[in-house]
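**Student:**
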Amino acid sequence: MEIKSLVQVGEYEWEIPRSGQMRVPARIFASRELLEEMDEKVREQLSNVATLPGIVGAALAMPDAHWGYGFPIGGVAAFDPAEGGIISVGGVGYDISCGVRTLLTGLKKEQIEPVLETLIEALFVTIPAGVGSEGKIKLSPTQLDEVLVGGARWAVEKGYGLPEDLDYIEENGSLPGADPACVSMEAKKRQYRQIGTLGSGNHYLEVQYVAQIYDHQVARAFGLAEDDVIISIHCGSRALGHQIATDYLRVLSGASRKYGIPIREKELVCAPIDSPEGQRYYKAMACGVNCALANRQVISHLVREVFAEVVPEANIRVLYDVSHNTCKIEEHEVAGRRRRLYVHRKGSTRAFGPGRPELPQAYRKVGQPVIIGGTMGTCSYILVGTTEGTTKAFGSACHGAGRAMSRHAAKKRWRGSDVIQHLARQGIVVRAKSMRGVAEEAPLAYKDVSKVVEATHLAGLAKKVAMVKPLGVIKG
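Sequential numbering from 582 applies to the sequence shown in this note's numbering.
Structural data, given as structure tokens:
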């Protein structure tokens, strides 16, 4: 990205000044190096977001931002319904509530190493992964509707987990406002057998260990110590979320014309929040969020079953569950006034600082865990939300490394089998359903997650707590 037309407002904060139809400025949080590596399309898309009705503060991009559909991936924007604010499919994305759940095990690295191959194989056999993968749970139409309203709470009530799990999930495991009547039969049909499955693409289950602690006080609050074994589960709402997005792109395309909202990119179609179309999309999107929360909850239950067989001394607890692709109703202070906003985060993690009532009591004094996944074979990070980030970015941070090249380019450059052999030489056990998928997710197809996290840390969006490294990976 060309830097000369940007205004540097902080060491890690850059502004695109208002021009043309922009209602607010746009801001990018990044180091100079990351900014120079960003594609120019991020600037264009972020400027387009800044033209949308009812946007407040600024249109924001996180350090891992890259081109997406409508909003850039890594984009954040908040809209006020009292000022004609809109809701947009392109501000949430196709994989609604794609997110990461991290589990504590109560085990140390040395306890896992002798049984690592057995453990990874058992997890791979037990947890379905890959394109179109189906699980053992077959839902009736009525049961699926219960999932779409209840989320992880439904799963716990059905025996897939513990009641205390819900305390450590955003929205306590269930986003209010979901209405299955707003979800098409086509979307529902695609989900009857997909609860408890990883899917494909960049989704994974990773057995990790804590390699370094940066903030010992916060780490203690999170239950983390060096050499602890943890598990991270990265997946979303599967086919249902994708179909909801597809369906509502058509609905909101009509709404944009109906309400006279100029659209600069077709995936930026939107509707006023308080319109019938806007409310229908929100209710359907909430169903997608709850589907993803139920999915990660059932996978967590399967992880517990595997550990009970292979390493029975494990005590699996939820550290936290964060979503990346959402629109949530939140209260934020803007220009000295408390406002009820619809905060779109696309490829961005909620990162609330201390004191927010949405946080579990155990974390309220320190802030929210912010889980940042790396790529296959690289480190990942656990951060904590800050008051500063809550103020200047609506409590948002990066969500991962961010792609540096397309899936197509990655497949042309690497073979999946070579990637697996390379990781094996590092002592990382990999099981995958698709060699093509492994090639697409090769580590060098992504930006350096450590640089992204460092920029996030130094920009004040979230602070580093721990670095974790992989022992074993399951891919779709």
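The beta carbon of each residue, even a glycine, is placed where N, CA and C say it ideally should be.
Predicted model only: the values in this text are computed from it and were never measured.
Count the other CB atoms, across all protein chains shown, that sit within 10 Å of the CB of S904; report buried if there are 16 or more and exposed otherwise.
**Tutor:** By the 10 Å Cβ count, S904 comes out buried.
**Student:** Cα-Cα, which of S929, V965 and Q772 is closest to H797?
**Tutor:** Ranking S929, V965 and Q772 by Cα distance to H797 puts V965 first.
**Student:** According to DSSP, is H784 part of a helix, a strand, or is it coil?
**Tutor:** Here H784 sits in coil by DSSP.
**Student:** Can you check whether the CB of R898 is closer than 8 angstroms to the CB of L685?
**Tutor:** Going by C-beta atoms, L685 is nearer than 8 angstroms to R898.
**Student:** Less than 8 angstroms between the C-beta atoms of L821 and G869, yes or no?
**Tutor:** It is a contact, given that the beta carbons lie within the stated cut-off.
**Student:** Alpha carbon to alpha carbon, how far is G651 from I844?
**Tutor:** Whole-angstrom Cα-Cα distance: 10 angstroms.
**Student:** I believe A659 touches L922 by the beta-carbon criterion, under 8 angstroms. Please report the beta-carbon distance rounded to the nearest angstrom.
**Tutor:** About 4 angstroms separates the two Cβ atoms, so the contact holds.
**Student:** For K1044, list the residues DSSP reports as bridge partners.
**Tutor:** Paired residues: V965.
**Student:** Do H647 and D676 have their beta-carbon atoms positioned less than 8 angstroms apart in this structure?
**Tutor:** For D676 and H647, no; Cβs fall outside 8 angstroms.
**Student:** Of the residues D746, I825, E698 and V810, which one's Cα is nearest the Cα of R771?
**Tutor:** For the residues D746, I825, E698 and V810, the minimum Cα distance to R771 belongs to I825.
**Student:** DSSP state of H913, grouped into three classes?
**Tutor:** In this structure, H913 counts as strand in the three-state DSSP scheme.
**Student:** Using three-state DSSP, classify T959 as helix, strand or coil.
**Tutor:** Correct three-state label for T959: coil.
**Student:** Tell me which same chain residues have a C-beta within less than 7 angstroms of the C-beta of D808, skipping the five on either side of it?
**Tutor:** Closer than 7 angstroms at Cβ, skipping near neighbours: K689, K690, Y790 and V791.
**Student:** Is there contact here, the region 723-733 with the region 854-874, by at least three beta-carbon pairs under 8 angstroms?
**Tutor:** Enough Cβ pairs lie closer than 8 angstroms, so yes.
**Student:** With H, G and I counted as helix, E and B as strand and the rest as coil, what does DSSP make of L1052?
**Tutor:** L1052: strand per DSSP, three-state reduction.
**Student:** What separation, rounded to the nearest whole angstrom, lies between the Cα atoms of I1009 and R918?
**Tutor:** Taking the straight line joining both Cα atoms gives about 50 angstroms.
**Student:** Could you tell me whether the region 709-727 touches the region 851-859, using the rule of 3 or more Cβ pairs below 8 angstroms?
**Tutor:** Result no; under three Cβ-Cβ pairs closer than 8 angstroms.
**Student:** Please work out which residues of its chain come closer than 6 angstroms, Cβ to Cβ, to H784, disregarding the five sequence neighbours upstream and downstream, and give them in chain order.
**Tutor:** Within the same chain, H784 has close Cβ partners H815, C816 and G1057.
**Student:** First and last residue of the alpha helix (DSSP H) that includes R998?
**Tutor:** Residue 998 is actually Ser in this sequence, not Arg. Element bounds for S998: G997 to R1006.
**Student:** Consider the Cβ of G666: report whether some Cβ of chain C lies at a distance smaller than 8 angstroms.
**Tutor:** Included in the structure is just one protein chain, with no chain C present.
**Student:** Among the candidates K973, Y901 and H925, whose CA atom is the shortest distance from the CA of V915?
**Tutor:** If we check each option's Cα against that of V915, K973 comes out closest.
**Student:** Judging by CA-CA distance, which residue of V1054, G1053, V1046 and L1042 is the nearest neighbour of E594?
**Tutor:** Taking only the C-alpha atoms, the option nearest E594 is L1042.
**Student:** Considering Cα atoms alone, identify which of R877, P644, E617 and E596 is closest to G981.
**Tutor:** Out of R877, P644, E617 and E596, P644 has the C-alpha closest to the C-alpha of G981.
**Student:** Note down the Cα distance separating A759 from E592, rounded to an integer number of angstroms.
**Tutor:** Between A759 and E592, the C-alpha separation is close to 41 angstroms.
**Student:** T930 and C979 - do their beta-carbons sit closer together than 8 angstroms?
**Tutor:** Yes, Cβ-Cβ distance for C979 and T930 is below 8 angstroms.
**Student:** Assess contact between the region 989-1009 and the region 1022-1032, defined as three or more Cβ pairs (one per stretch) separated by less than 8 angstroms. Is contact present?
**Tutor:** Verdict: yes, contact present.
**Student:** CA-CA distance, A889 and S834?
**Tutor:** So the alpha carbons of these two residues sit roughly 50 angstroms apart.
**Student:** If I measure Cβ to Cβ from S628 and keep anything under 7 angstroms in the same chain, skipping five residues before and after, which residues do I get?
**Tutor:** The answer, listed in chain order, is I597, M603 and A607.
**Student:** Which whole-angstrom value describes the C-beta separation of N896 and G777, a residue pair presumed to lie in contact below a C-beta threshold of 8 angstroms?
**Tutor:** That belief does not hold up - the Cβ atoms of N896 and G777 are roughly 22 angstroms apart, past 8 angstroms.
**Student:** Under 8 angstroms between the Cβ atoms of L900 and Y749?
**Tutor:** In contact: L900 and Y749 (Cβ atoms closer than 8 angstroms).
**Student:** Drop a sphere of 10 angstroms on the beta-carbon of I952, count the other beta-carbons inside from all chains shown, and report buried for 16 or more, exposed for fewer.
**Tutor:** Burial call: buried.
**Student:** Who are the near neighbours of H1038 in its chain, counting only those whose CB is closer than 8 angstroms to its CB and skipping five residues on each side?
**Tutor:** Cβ neighbours of H1038 beyond the five flanking positions: L964, K1044 and K1045.
**Student:** Between which two residues does the alpha helix (DSSP H) carrying R877 extend?
**Tutor:** Its alpha helix (DSSP H) spans residues P857 to V891.
**Student:** Can you tell me whether P709 is buried or exposed? The criterion is at least 16 other CB atoms within 10 Å of its CB, across all chains shown.
**Tutor:** By the neighbour-count rule (16 or more Cβ atoms within 10 Å), P709 is buried.
**Student:** What are the boundary residues of the alpha helix (DSSP H) that A820 is part of?
**Tutor:** Start and end: R819 to K839.
**Student:** Note down the Cα distance separating A985 from I654, rounded to an integer number of angstroms.
**Tutor:** Between A985 and I654, the C-alpha separation is close to 12 angstroms.
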